[in-house]
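Q:
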Amino acid sequence: MDQAAQIVIGGLIQGSVFALVALGFALVHRVTGVINLAQGGFCILGALGYQTLLAWGVLPWPLAAALAVLATALFGLAVGAVAFVPALSRLSNSSLLMLTAGLLIVIDGIALLAWGSQPYAVPPFSGEQPIALLGLDIPSQGLWLAGLCAAVSAATWWVLARTAPGRALLACADNATAAALVGIRLRRMRLASFAATAGIGAIGGIAVAPLMSLQFNDGHFFTNAGFIAVALGGMGSLVGAIAGGLFLGVAEQLAAGYVSGLFANALALSLLLLTLLWRPQGLFAGAARRRLDVREEVRADRRMLRFSGWSAAVVALAALLALAALPAVIDAGTLPSLVIALILFIAVLGLDVVMGYAGQVNLGQAGFMALGGYTAAILATAWGIPPLLGTLAGMAVAAIAAVLLSAVTLRLRGAYLALATLAFGLMVDSLVVGLPDLTGGPSGLVGIPSFAAFGVTFATPAAMYYLVLGLAAALVLLLAGGMRAGFGRALGAIRTDPLAAAALGINVARYKLAAIVICAVLGALAGSLYAFDFHYLGPEMVATPRSFELIAMLVLGGEGTLAGGLLGALLLTLLPLEVQALADDKVLVEGLVLVAVFLLAPAGLLGSLWPQRRIAILPEAAR
Amino acid sequence: MTALAVRHLGVTFGGLHAVSDVSFDVAEGSITALIGPNGAGKTTLFNLVTGVVRPSAGTVTLFGQPILGLRAEAIAGLGLLRTFQTARVFPGMTTRENLLAGAHLLLRHGALAQMLRLPAARREERILAERADALLELLGLARFADAAATELPMGAQKLVEVGRALMGRPRMLLLDEPAAGLNDSETAELSALLRAIRAAGITVLIVEHNMALVMESADQVAVLDAGTLIAHGTPEAVRAHPRVIEAYLGVAARQGAAA
Chain U
169 MDQAAQIVIG
179 GLIQGSVFAL
189 VALGFALVHR
199 VTGVINLAQG
209 GFCILGALGY
219 QTLLAWGVLP
229 WPLAAALAVL
239 ATALFGLAVG
249 AVAFVPALSR
259 LSNSSLLMLT
269 AGLLIVIDGI
279 ALLAWGSQPY
289 AVPPFSGEQP
299 IALLGLDIPS
309 QGLWLAGLCA
319 AVSAATWWVL
329 ARTAPGRALL
339 ACADNATAAA
349 LVGIRLRRMR
359 LASFAATAGI
369 GAIGGIAVAP
379 LMSLQFNDGH
389 FFTNAGFIAV
399 ALGGMGSLVG
409 AIAGGLFLGV
419 AEQLAAGYVS
429 GLFANALALS
439 LLLLTLLWRP
449 QGLFAGAARR
459 RLDVREEVRA
469 DRRMLRFSGW
479 SAAVVALAAL
489 LALAALPAVI
499 DAGTLPSLVI
509 ALILFIAVLG
519 LDVVMGYAGQ
529 VNLGQAGFMA
539 LGGYTAAILA
549 TAWGIPPLLG
559 TLAGMAVAAI
569 AAVLLSAVTL
579 RLRGAYLALA
589 TLAFGLMVDS
599 LVVGLPDLTG
609 GPSGLVGIPS
619 FAAFGVTFAT
629 PAAMYYLVLG
639 LAAALVLLLA
649 GGMRAGFGRA
659 LGAIRTDPLA
669 AAALGINVAR
679 YKLAAIVICA
689 VLGALAGSLY
699 AFDFHYLGPE
709 MVATPRSFEL
719 IAMLVLGGEG
729 TLAGGLLGAL
739 LLTLLPLEVQ
749 ALADDKVLVE
759 GLVLVAVFLL
769 APAGLLGSLW
779 PQRRIAILPE
789 AAR
Chain X
23 MTALAVRHLG
33 VTFGGLHAVS
43 DVSFDVAEGS
53 ITALIGPNGA
63 GKTTLFNLVT
73 GVVRPSAGTV
83 TLFGQPILGL
93 RAEAIAGLGL
103 LRTFQTARVF
113 PGMTTRENLL
123 AGAHLLLRHG
133 ALAQMLRLPA
143 ARREERILAE
153 RADALLELLG
163 LARFADAAAT
173 ELPMGAQKLV
183 EVGRALMGRP
193 RMLLLDEPAA
203 GLNDSETAEL
213 SALLRAIRAA
223 GITVLIVEHN
233 MALVMESADQ
243 VAVLDAGTLI
253 AHGTPEAVRA
263 HPRVIEAYLG
273 VAARQGAAA
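For the record, the sequence lines run as chains U and X. Using our numbering, the letters of the first sequence correspond one by one to residues 169 to 791. Using our numbering, the letters of the second sequence correspond one by one to residues 23 to 281.
#1: Given that a residue counts as buried once 16 or more other Cβ atoms are within 10 Å of its Cβ, and exposed if not, what is Glu173/X?
#2: How about Leu197/X: is its C-beta nearer than 8 Å to some C-beta of chain U?
#3: Look up Pro504/U in the DSSP assignment and say whether it is helix, strand or coil.
#4: Residues bridged to Gly32/X by DSSP?
#5: Which residue or residues does DSSP assign as beta-bridge partners of Gly255/X?
#6: Does the stretch 53-70 of chain X come close enough to the stretch 760-778 of chain U that 3 or more CB-CB pairs lie under 8 Å?
#7: Gln179/X CB to nearest chain U CB: under 8 Å?
#8: Which whole runs of the beta strand (DSSP E) in the stretch 147-229 of chain X are 3 residues long or more, in chain order?
#9: According to the neighbour-count rule (16 or more other Cβ atoms, all chains shown, within 10 Å of its Cβ), is Arg335/U buried or exposed?
#10: With the cut-off set at 8 Å, would you say Ala534/U and Ser715/U are in Cβ contact?
#11: So His39/X is in the alpha helix (DSSP H); what residue range does that whole segment cover?
#12: Thinking C-beta only, is Met651/U closer than 8 Å to Leu705/U?
#13: From which residue to which residue does the beta strand (DSSP E) around Phe619/U run?
#14: So Ala658/U contacts chain X; which residues on that side make the cut at Cβ distance below 8 Å?
#15: Any idea what DSSP makes of Ser776/U, helix, strand or coil?
#16: Would you list the residues sitting across from Thr283/X in a DSSP beta bridge?
#17: Does Phe513/U have its Cβ less than 8 Å from a Cβ in chain X?
#18: Given that Thr664/U touches chain X, what residues does it touch there, using C-beta distances under 7 Å?
#19: If you follow the alpha helix (DSSP H) that Leu672/U is in, where does it begin and where does it stop?
#20: Helix, strand or coil for Asp170/U? Go by DSSP, reduced to three states.
#21: Using a Cβ-Cβ cut-off of 8 Å, state whether Phe106/X counts as contacting chain U.
#22: At the level of alpha carbons, what is the spacing between Ile686/U and Gly387/U?
#23: Could you tell me how far apart the beta carbons of Tyr679/U and Ala658/U are, in whole angstroms, since I believe they sit closer than 8 Å?
#24: Just to confirm my understanding: we take Ala167/X, look at its own chain, exclude 5 residues before and 5 after, and list those with CB closer than 6 Å. What are they?
#25: I need the boundaries of the alpha helix (DSSP H) containing Asp605/U, first residue and last residue.
#26: Anyone know if the C-beta pair for Phe46/X and Leu251/X falls short of 8 Å?
#27: Can you tell which of Val522/U, Ala544/U and Gly541/U has the C-alpha that lies nearest to the C-alpha of Leu647/U?
#28: With a threshold of 16 other CB atoms inside 10 Å of the CB of Pro200/X, please say whether the residue is buried or exposed.
#29: Output yes if chain X places a C-beta closer than 8 Å to the C-beta of Ile684/U; else output no.
#30: Using Cβ-Cβ distances below 8 Å, what residues of the stretch 622-649 of chain U are close to chain X?
#31: Taking all protein chains shown into account, do 16 or more other C-beta atoms lie within 10 angstroms of the C-beta of Ile508/U, making it buried, or fewer, making it exposed?
#32: Given this structure, state the Cα-to-Cα distance separating Gly733/U from Leu724/U, to the nearest angstrom.
#33: Excluding five sequence neighbours on each side, which residues of the same chain lie with their C-beta closer than 6 Å to the C-beta of Thr625/U?
#34: What is the residue span of the alpha helix (DSSP H) that Phe362/U lies within?
#35: Can you find at least 3 beta carbon pairs, one from the stretch 253-267 of chain X and one from the stretch 90-106 of chain X, that sit closer than 8 Å?
#36: Is there a Cβ of chain B sitting closer than 8 Å to that of Glu147/X, yes or no?
Structure below.
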């Protein structure tokens, strides 16, 4: 009994920090309708800033903490003014989601430059001595954390419900246009909510810092947990967010205490997927009023990129010849990176089908890469199954996983869809680490043979290069054939207007399923090629950050262009290598590039560079 | 033969009877107009019949087959296609591509055949493109064929929707206020188009506020008011119906007198 109580207390303490992050999510979502994935980054900036101020040795901890919170809020204000708020009126919801993912990477990059990659620990606010309460030992910092969580929640509630600016903030959420018409300054309100959530994130990070050592990229951990918590509670509900955070904390601790620490994460994620299956709008009934599609209609994309006629064929052929000639002109040391860029391009191709054409967010593409890669690698190393068969088996496993995942995701849209796919990716991550007998765990699988098929072994980088180039070219050709015909039109119809699509007899569910299966199969193909090329497969090669990198490549090159992803894959793989000075700043550069592309060229590089036909529509009289 | 038979159809939205106990038939090959004041439940009726909204009561049969409870795409697959009150052309597609999207039900070759560019699949694409171009010509939209459909004037977008539905070779067509946003000469063209659609053997159910168009084109008129059917008959009979004059035309007459 004592043990159970101790575990629950631990869960509530951990849940308090999740709740604070979730509160930030809910606040921004309430005011802007957007899920801000940068939220967890504010925790890290707050915590590491606090550590630096404390290490200075002059300030008492409350002052250092207050300064760190203030600085983070100011940083949030700047980010909001430069990137987030201007983007709100220009980008589609899924692009906005990815913009915030880019902001999170920018924060990672800033933290890496400022604090390096080592973990930091800070002393508890009031000593190490645990406090005995009802026969239980409770770390004093846990009480601080829970207390701060309660105080911040109460303050947020008070501001929103009892003050004029708070009510104005809620008005922006309910109807932005009407709010603007009655004189509420929309931009200022959105900025204020963004800065406030940065401050709340910083408070959470500072309060939890003494309980766990933190490093530059731990923002992802907080973002993931907060995202799950806010979805459990119901998006847009502040009470739901806090309850969801506490619930998640307790569930994770119980799973860790009674089942296995390794699977705590996987269990929490299964819990989430089951919740979404059971109640797609979160646990708190009535809390999550469903927002109508009005916003999405306003931001619906107007992409009109067409590759047709001889010019496109000539450009494509020239590009293919140039790529084929590339190994002859570059130095041999670069070739392996080129192979990896092409392999990742195959995964990006799949992502383009599901995101660019079908308009379904997928934050779990690396999960499909992992399923394919590990299946093929395990079959090859432990069973001696030929690589080609193993690759096909991996693709089949990924396809089955995609069908299962669809049982959850087919009914979901927008942020919930993003979350469910993220949860899938994270679940694969924790299974990979948690099943060392099968996957080699954190140290990975070694001794994977070279790819071989039909009696040919692709052992050299050059051989792999031409194999992957041929595969990628064939896939582009294949997919382009479908996209310019009925398949592509059906996907385009369900992306922009599922209701009208169904009225034309298009089976929306079946096409969504087809898109995610294609995406999964190509992800798995890329994953196994990656393993055979590297002769090694480790968890970090196919973990969730990779999912975000793949999306960055897709968006950088241009969604809905197929070939554009190659530009993105080449740039993001080769740029950090080619410009040595950039190597340390890779994370920051990658994030900044992503954010800049979203803000300046939402259509991506290929989408912006390709000459677009504009057909002027003249009024009858002018003709 | 009866194309569409609606029996005791009803739906409630949070206590409000949006449509209650509505029964009527649409004869095959006819044009039936559904009229009524704003908020009478006309669009809700369309949404019920096409599977967008689930009914609380009643039955609907299409060419003898019960369709209530079927999903929207299944009902479309049985030959019932529709347009929307506010034009819902697909953004990111040209006018021609919008029409081709409407040909989805006719596709006989799947995604794989399209990807592999099998000759049969390419021939199918070519035939559909020719049909789309012919239809664009008929609708007077040929000059917009390669323009982004969302950039067209509103009236033209509504015609694109009609063309998109026609591409699917419907047996029955539901048009929701197709004349909204059209000027007088365009409305006259629409009236001719409606007769051409009927001549092609397609049954039409049309929601329309333009009385001149309704009286000129419709074989039968059904009048909805506050969710119930108050009259159903020939245009002449309906025009003379006292309840219709009270509920609908009477309002118009008073407005006319005031103006």
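Backbone N, C-alpha and C define an ideal beta-carbon position, used for all residues, glycine too. Computed from a prediction, not measured in an experiment: that's the story for all the values here.
A: The answer reads as follows:
#1: Per the 10 Å Cβ criterion, buried.
#2: Judged by the 8 Å Cβ criterion, Leu197/X is not in contact with chain U.
#3: Looking at Pro504/U - three-state DSSP - the assignment turns out to be helix.
#4: Bridge partners of Gly32/X: Ala79/X.
#5: Paired residues: Val243/X.
#6: Using a Cβ-Cβ distance cut-off of 8 Å, the stretch 760-778 of chain U and the stretch 53-70 of chain X are not in contact, since fewer than three pairs of beta carbons, one from each stretch, lie closer than that value.
#7: Chain U, which has no Cβ nearer than 8 Å to the Cβ of Gln179/X, makes this no.
#8: Whole beta strand (DSSP E) segments, 3+ residues: 194-198 and 225-229.
#9: Arg335/U comes out exposed.
#10: Their beta carbons are under 8 Å apart, which means Ala534/U touches Ser715/U by this criterion.
#11: First-last for His39/X: Leu38 to Ala49, but that is the beta strand (DSSP E), not the alpha helix (DSSP H).
#12: Taking 8 Å as the Cβ cut-off, Leu705/U and Met651/U do not qualify as a contacting pair.
#13: Annotation for Phe619/U: the continuous beta strand (DSSP E) segment containing it runs Phe619 to Ala621.
#14: The answer, in chain order, is Ala123 and His126.
#15: Under the three-state reduction of DSSP, Ser776/U is assigned to helix.
#16: Absent from the structure is residue 283/X, since the part of chain X shown begins at 23 and ends at 281.
#17: No, no contact with chain X.
#18: Result: Phe112, Pro113 and Gly114.
#19: From DSSP, Leu672/U is part of no alpha helix (DSSP H); its letter is neither H nor E.
#20: Correct three-state label for Asp170/U: helix.
#21: At least one beta carbon of chain U lies nearer than 8 Å to the beta carbon of Phe106/X.
#22: Roughly 31 Å between the two C-alpha positions.
#23: Indeed, because the Cβ distance is near 5 Å, the residues count as touching under 8 Å.
#24: Within the same chain, Thr117, Arg118 and Leu158 come within 6 Å of Ala167/X by CB-CB distance, once the 5 residues on both sides are set aside.
#25: Counting along the chain, Asp605/U sits inside the alpha helix (DSSP H) bounded by residues Pro604 to Thr607.
#26: Leu251/X is positioned such that its CB atom lies closer than 8 Å to that of Phe46/X.
#27: That would be Val522/U, whose Cα lies nearest to the Cα of Leu647/U.
#28: Pro200/X is buried by the Cβ-count criterion.
#29: Chain X contact via Cβ: absent.
#30: Those residues of the stretch 622-649 of chain U that come within reach of chain X (Cβ to Cβ, closer than 8 Å) are Leu646, Leu647 and Gly649.
#31: With 16 or more Cβ atoms within 10 Å of its Cβ, Ile508/U is classed as buried.
#32: If you take the alpha carbons of Gly733/U and Leu724/U, they lie about 7 Å apart.
#33: Apart from sequence neighbours up to five positions away, the residues of its chain that approach Thr625/U with a beta-carbon distance below 6 Å are Ser618, ordered along the chain.
#34: Residues Leu354 to Val376.
#35: Because the criterion of three Cβ pairs below 8 Å is not met, the stretch 253-267 of chain X and the stretch 90-106 of chain X do not touch.
#36: No chain B is part of this structure, whose protein chains are labelled U and X.
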